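J.:
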Ligand code: COA
Ligand code: MG
């Protein structure tokens, strides 16, 4: 499939109220930046944060980093003004928190259109309410409409813990079912999905383990709260050199004249099927996209 892979290995949150970090992020190795107006900003700073985020986006200087504005909930006092301001400032996507139903997608997309958003402006949503876990498929299904903007799920694991009582401790076994269900829902409709944050940002081993777990679950990347988490996230969510060369071997093997029309072949003593060739092309596409991002 000729899908365009946009690396989203490292997705760094920044409080919109913190001018210093908005400036700092222009030099950080993040694939994506989330300029936050919601949970990281206290109620008395909402207006200042909105103005600073708009100013930062207008000024630019973020290179080819993908830019996402997380607005306040559309039922909050700030959500609709945030959305209008974000559309005006022109990021790559608007991230809407606390969605729970498929209808929430249509509502957000309708407001975006009304605010004059170009069709290239995407919608991302936080998956962080108990209802969103129950309705993950219904929410993702909205991406199937021809004019859909929905492009990405972001796991809001702190809110999920708060709302459900499930723990983030240990290896997140209290949340595994929801993480996996959300991955399945996202992938069923061609969405990317980014894992939740790891709060204890000085705990490098803990972060590494959780990032690797996310990658095993099928996450495309991880949301981050601190620059120290960038390098390990970029590493964990990139294909390794070995994986890339194995992928190239598989693609080359299927291209040999003696293998045309075959569904299963042997490469290096291992059974390889056409589905592995699809996976290999995906690996190479991701590796190429990462290389393109770096240049
Ligand atoms: N984005 C960009 N830069 C950041 C950053 C972030 N999220 N977090 C920290 N930095 C910068 C700091 O400005 C500092 O640089 P400086 O000394 O040149 O100013 C450097 O990285 C080191 O920061 P450090 O002192 O270790 O952390 P801190 O005590 O300043 O901040 C947090 C800790 C958690 C408050 C901060 O990392 C943060 O606000 N993270 C994002 C929280 C968030 O957005 N949450 C919402 C989603 S869960
Ligand atoms: Mg939240």
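Residue numbers (the numbering used here): -1 to 293.
Heads up, the beta-carbon is just placed ideally off N, CA and C, and yes, glycines get one too.
From a predicted model like this one, the values you see are computed outputs, not experimental measurements.
1. CA-CA distance, residue 272 and residue 233?
2. What are the uninterrupted segments assigned as alpha helix (DSSP H) that are 4 or more residues long and contained completely in the segment 59 to 93, given in chain order?
3. DSSP three-state call for residue 260: helix, strand or coil?
4. Nearer than 7 Å: is that true of the beta carbon of residue 220 relative to any heavy atom of ligand 1?
5. Hey, is the segment 49 to 64 in contact with the segment 117 to 135, meaning 3+ C-beta pairs nearer than 8 Å?
6. On the DSSP letters alone, give me the boundaries of the beta strand (DSSP E) that residue 271 sits inside.
7. Does the beta-carbon of residue 154, which I'm using as the reference point, lie nearer than 7 Å to any heavy atom of ligand 2?
8. Tell me the rounded alpha-carbon separation between residue 17 and residue 270.
9. If you draw a straight line from the alpha carbon of residue 42 to that of residue 286, how long is it in whole angstroms?
10. Alpha carbon to alpha carbon, how far is residue 70 from residue 199? Give it in angstroms, no decimals.
11. Taking residue 93 as the reference, which of 64, 253 and 206 has the closest Cα?
12. Checking the sheet assignment: what are the DSSP bridge partners for residue 193?
13. Does at least one heavy atom of ligand 2 sit under 7 Å from the Cβ of residue 198?
14. I believe residue 72 touches residue 105 by the beta-carbon criterion, under 8 Å. Please report the beta-carbon distance rounded to the nearest angstrom.
15. Shorter than 7 Å, the distance from the beta carbon of residue 41 to the closest heavy atom of ligand 2, or not?
16. Per DSSP, what are the beta-bridge partners of residue 121 in this structure?
17. Please report the residue range of the alpha helix (DSSP H) in which residue 12 lies.
18. Counting along the chain, where does the alpha helix (DSSP H) carrying residue 158 start and finish?
19. Output the distance between the C-alpha atoms of residue 44 and residue 189, rounded to the nearest integer angstrom.
20. Could you give the distance in angstroms between the alpha-carbon of residue 213 and the alpha-carbon of residue 192?
21. If you reduce the DSSP assignment to three classes, tell me which class residue 166 lands in.
22. By how many angstroms is the C-alpha of residue 107 removed from the C-alpha of residue 130?
23. Taking residue 244 as the reference, which of 195, 280, 293 and 157 has the closest Cα?
24. For residue 176, which residues of its own chain have a beta-carbon under 7 Å away from its beta-carbon, when the five flanking residues on both sides are left out?
25. With DSSP as the reference, identify every bridge partner of residue 33, one or two as the case may be.
26. Check this for me: beta carbons of residue 140 and residue 103, under 8 Å apart or not?
27. Here's the rule I'm using: 16 or more other beta-carbon atoms within 10 Å means buried, otherwise exposed. How should residue 328 be labelled?
28. Who are residue 265's beta bridge partners in DSSP?
T.: To lay it out plainly:
1. Residue numbering aside, residue 272 sits at position 274 when the chain shown is read from its first letter. Residue numbering aside, residue 233 sits at position 235 when the chain shown is read from its first letter. Distance between the alpha carbons of residue 272 and residue 233: 28 Å.
2. For the segment 59 to 93, whole alpha helix (DSSP H) runs of length 4 or above, ordered along the chain, are 77 to 87.
3. Locating residue 260 in the chain shown gives position 262, where the first residue counts as 1. Coil, per DSSP.
4. As a working note, residue 220 is residue 222 in the chain shown. No, since every heavy atom of ligand 1 falls outside the 7 Å radius drawn around the Cβ of residue 220.
5. No, the segment 49 to 64 is not in contact with the segment 117 to 135.
6. On the chain shown, position 273 is the one that residue 271 refers to. Membership of residue 271 in the beta strand (DSSP E) is indicated by the continuous run 268 to 271.
7. Here residue 154 refers to the residue found at position 156 when the chain shown is read from its first residue. Residue 154 Cβ: within cutoff of ligand 2.
8. Along the chain shown, read from residue 1 onward, the residue named residue 17 stands at position 19. Along the chain shown, read from residue 1 onward, the residue named residue 270 stands at position 272. So the alpha carbons of these two residues sit roughly 52 Å apart.
9. In the chain shown, residue 42 corresponds to position 44, counting from 1. In the chain shown, residue 286 corresponds to position 288, counting from 1. Between residue 42 and residue 286, the C-alpha separation is close to 44 Å.
10. Residue 199 sits at position 201 when you count from the first residue of the chain shown. Residue 70 sits at position 72 when you count from the first residue of the chain shown. In a straight line, the C-alpha of residue 199 is about 24 Å away from that of residue 70.
11. What you label residue 93 is simply residue 95 of the chain shown in a count that begins at 1. Among 64, 253 and 206, the Cα nearest to that of residue 93 belongs to 64.
12. To locate residue 193, count along the chain shown from 1; it is residue 195. Its beta-bridge partners are 220.
13. Working through the chain shown from its first residue, we reach residue 198 at position 200. Here the distance from the Cβ of residue 198 to the nearest heavy atom of ligand 2 is not below 7 Å.
14. For the purposes of this step, residue 72 is taken as the residue at position 74 of the chain shown. For the purposes of this step, residue 105 is taken as the residue at position 107 of the chain shown. Yes, they are in contact, since the Cβ atoms of residue 72 and residue 105 sit about 7 Å apart, within 8 Å.
15. Counted from its first residue, the chain shown places residue 41 at position 43. Taking non-hydrogen atoms of ligand 2 into account, the C-beta of residue 41 is found less than 7 Å away from none of them.
16. In the chain shown, residue 121 corresponds to position 123, counting from 1. Note: residue 121 sits in a beta bridge opposite 92 and 148.
17. As a first step, residue 12 is located in the chain shown; it is residue number 14 there, counting from the start. Not the alpha helix (DSSP H): residue 12 falls in the beta strand (DSSP E), residues 8 to 13.
18. Reading the chain shown from its first residue, position 160 is the one you call residue 158. Note, residue 158: alpha helix (DSSP H), 155 to 162.
19. On the chain shown, residue 44 is found 46 positions in, with the first residue counted as 1. On the chain shown, residue 189 is found 191 positions in, with the first residue counted as 1. If you draw a straight line from the Cα of residue 44 to the Cα of residue 189, it is about 30 Å long.
20. Translated into positions along the chain shown, residue 213 becomes position 215. Translated into positions along the chain shown, residue 192 becomes position 194. In this model, residue 213 and residue 192 are separated by some 10 Å (Cα to Cα).
21. Counting from one through the chain shown, the residue named residue 166 turns up at place 168. The answer is coil: DSSP assigns residue 166 none of H, G, I, E or B.
22. Within the chain shown, the letter at position 132 stands for residue 130. Within the chain shown, the letter at position 109 stands for residue 107. Going by the C-alpha atoms only, they are around 17 Å apart.
23. Reading the chain shown from its first residue, position 246 is the one you call residue 244. Checking every option, the nearest Cα to that of residue 244 belongs to 280.
24. Counted from its first residue, the chain shown places residue 176 at position 178. Result list for residue 176: 131 and 158, in chain order.
25. As a working note, residue 33 is residue 35 in the chain shown. Its beta-bridge partners are 12 and 67.
26. In the chain shown, residue 140 corresponds to position 142, counting from 1. In the chain shown, residue 103 corresponds to position 105, counting from 1. For residue 140 and residue 103, yes; Cβs fall inside 8 Å.
27. Summary: the structure shown does not reach residue 328, with the chain confined to residues -1 through 293, and so no result is reported for it.
28. The residue given as residue 265 occupies position 267 in the chain shown. Its beta-bridge partners are 268.
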